[in-house]
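Numbered per mature numbering (1 follows the signal peptide of the UniProt record, and there is no 0), the sequence shown spans residues -21 to -1, 1 to 423.
Encoded as structure tokens, the structure appears first; notes follow it.
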Amino acid sequence: MQRIMVCVYSLLAMVLLYSDSVDVDASGLLEKAPVSDTCPQVRMKPAGQCKDEEECPYQITLPPLTIQLPKQFRMLEKTMKELQNLKETVRQLRSICLECREQADMGLHKDSTETSDKGRGDVHTRGPGNDSSGIAIRDIQVKMSRMATSLKNARGQINTMQGRLDELSHQSLGKMEAMVISKVENITSVISRLNNTCSSQCPVLASPAHIRVPSDCSDYQVMGQRKNGVYQITPDPKNGTFQVFCDMESYGGGWTMVQQRINGSLNFNRSWTDYKKGFGDVHGEFWLGNDRIHLLTKTRDMVLRIELEDFDGVREYAKYDMFYVANEFLKYRLSVSGYSGTAGDALHFSKSFNHDQKFFTTPDKDNDMYPSGNCGNYYGSGWWFDACMSANLNGKYYHKKYKGKRDGIFWSTWHNMTSEYYPTNYRQAFKTVKMMIRPKNYAP
């Protein structure tokens, strides 16, 4: 608001400068002093090329704004019209002055001639032209006096309006400040009442009647479902409904499966698009899809449980109290922490091999930390690779231990993994792998 008023005042100042810049020189001609631009946001320039003795129309460029001006600006408009009329009068006076100057020169020449004749004995007589020139000069003086009076009055009116604008601006700022203070006090009062009303935590709804659309398998568990199977869930109504496999029997139930490996029937060497949308059959081997995993972890704080079993029948698990997958714009970045379990924390193996806060990489899209290649392409899978891995549950499914490149399902903290440090030794193979999630505040 203050910046707008400064620019308006600058415009008024330019009008005053223009009125002050009209002077009369010694020869009786009017001259116009230059006007300077005092506001960096206001631009005043001629609207074309101007020659001598021609009028120059000017353009004034203001910043893009809309303001409500007071009624007194009507008086300013009237004053500006009077200034335009005075400008026309000045132009006419300039023309008359030029004519008077020519007549005066002619009169002086004639007087000098008559004086010389008088010295020779001729009688000097005053012609009617001299009287008309004197009358014209007096008329010019009267008009100039009137013009000066009009300019003085216009200057006084502009000063009065400027004072009124200052007063209005101070009043508007005062009213606005009072209104803001009132609104802030109202909001503060509402927040205080809400704090008093919600001083205790809202109780968890245990009644199935209040659940309208299940957002994950735990909602079905609350509704009384106790059987493993495929269910429809809606984590986000804006993104539709899809099928998931729900484990309702293990470890309190309510688990939503996001990945499963059981027999090697499905190839996990897939593209970015496949991992984005998901692939496989939820009744068998599958990857739920990064978009869907993001929706599930976005709406609720989730716990991740990983179940591993090798071909010797050894079963172990790793549980993480926080599990979140970002959206595709953030390259499905993994956030995982809070380990407990028996399989070891392979996702945080060391500073060099840490899968937390890593982007998702596939054979056709390299987002890993390895500078000299694509870990997803080398190991033939999609995963949250570092440079490259200490865990990869989407590796190739081997039906028994194998040798060579470690491109199979891998969990670096498995109980007998130290025997694999030598490249010529056999690599560990896993019979089943499950990744499943459940809300952190779920109570079976």
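Positions of the beta carbon are idealized from the N, C-alpha and C atoms, including for glycine.
The criterion of a C-beta distance shorter than 8 Å is not satisfied by Gly320 and Thr341.
A straight-line Cα-Cα distance of about 53 Å links Asn138 and Leu173. DSSP places Tyr401 outside both helix and strand once states are collapsed to three, so it counts as coil. Here the segment 157 to 167 does not lie against the segment 250 to 257, with fewer than 3 beta-carbon pairs under 8 Å apart. The continuous stretches of alpha helix (DSSP H) do not include Asp280, and DSSP gives it neither H nor E.
As DSSP reads the structure, Lys413 sits in a beta bridge with Gln239, Glu286.
For Val201, there is no enclosing beta strand (DSSP E); the residue is part of the alpha helix (DSSP H) that begins and ends at 196 to 201.
The C-beta of Asp118 has fewer than 16 other C-beta atoms within 10 Å across all chains shown, which makes the residue exposed. For the pair Thr276 and Tyr299, the CB atoms are not nearer than the 8 Å cut-off. Spanning the alpha carbons of His262 and Thr411 requires a straight line of approximately 14 Å. Relative to Asn246, the option among Lys375, Lys380, Val282 whose CA is nearest is Lys375.
The C-beta separation of Asp195 from Pro214 comes to about 7 Å, placing the pair in contact by the 8 Å criterion. The residue among Gln200, Asn353, Arg406 with its C-alpha nearest the C-alpha of Lys380 is Arg406.
Secondary structure remark: continuous alpha helix (DSSP H) runs of at least 4 residues inside the segment 206 to 269, in chain order: 251 to 256. A straight-line Cα-Cα distance of about 30 Å links Ala127 and Met85. Cβ neighbours of Thr278 within its own chain (closer than 7 Å, five residues either side excluded): Ser194, Pro214, Asp215. When the alpha-carbon of Lys337 is set against those of Gly359, Lys57, Lys310, the nearest one is in Lys310. Under DSSP, the beta-bridge partners assigned to Asn371 are Phe389.
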